Amino acid sequence: MLVEFLENILYLGVEVLVPIFEIIGLVAVAVIVVKALAGWFARREVSRELDEGLSLALGFLMAAEILKTILIQDMAGAKLVFAIFGLRALMSLLLHFEMKQERVAEREKEEASARK
13 MLVEFLENIL YLGVEVLVPI FEIIGLVAVA VIVVKALAGW FARREVSREL
63 DEGLSLALGF LMAAEILKTI LIQDMAGAKL VFAIFGLRAL MSLLLHFEMK
113 QERVAEREKE EASARK
């Protein structure tokens, strides 16, 4: 009886948190895109800010996918959740790789300008 009660609380908590995390992720994407567009129209470099914002948004969306694994009842649902999680994880890795490459390029540019 206590176990069923705790399971119900867990499922309710997940059902509440998943949409909240997804909305936060979507709002983060919308805000960062608007900021990036404003910066782009102002002719300033926005790629690093865009990468960091998208990485943050992907983090929230991946957290929602992880929580969804608690609700999985069958293998078909599991395959879908894991496929979505895998794609989001891959996008996150690519963003982090790109951000690392940009930092290296910035550092090299600063070192080159310091030598002159």
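Note that the numbering used here has the sequence shown beginning at 13, numbered continuously upward.
Quick reminder that beta carbons are idealized off the backbone N, C-alpha and C, glycines included.
Quick caveat, the model's predicted, so the values are computed rather than measured.
Can you check whether the CB of residue j is closer than 8 Å to the CB of residue i?
{"i": "Val30", "j": "Lys80", "result": "yes"}
{"i": "Asp63", "j": "Met103", "result": "no"}
{"i": "Ile78", "j": "Leu22", "result": "no"}
{"i": "Gly65", "j": "Ile32", "result": "no"}
{"i": "Ile36", "j": "Phe94", "result": "no"}
Which residue comes first and which comes last in the alpha helix (DSSP H) that contains residue i?
{"i": "Glu5", "result": "The chain is shown from 13 up to 128; residue 5 falls before or after that span and cannot be answered."}
What is the DSSP secondary structure of residue i, reduced to helix, strand or coil?
{"i": "Ile84", "result": "coil"}
{"i": "Lys112", "result": "helix"}
{"i": "Met103", "result": "helix"}
{"i": "Lys47", "result": "helix"}
{"i": "Lys91", "result": "helix"}
{"i": "Lys121", "result": "helix"}
Assuming residue i and residue j make a contact with CB atoms under 8 Å, what is their CB distance in whole Å?
{"i": "Ala90", "j": "Ile96", "result": "That pair is no contact at about 11 Å."}
{"i": "Ser59", "j": "Leu107", "result": "Contact flag wrong, Cβ pair sits at about 11 Å."}
Indicate whether at least one CB of chain D lies closer than 8 Å to the CB of residue i.
{"i": "Met103", "result": "The question asks about chain D, but that chain is absent: this structure has only one protein chain."}
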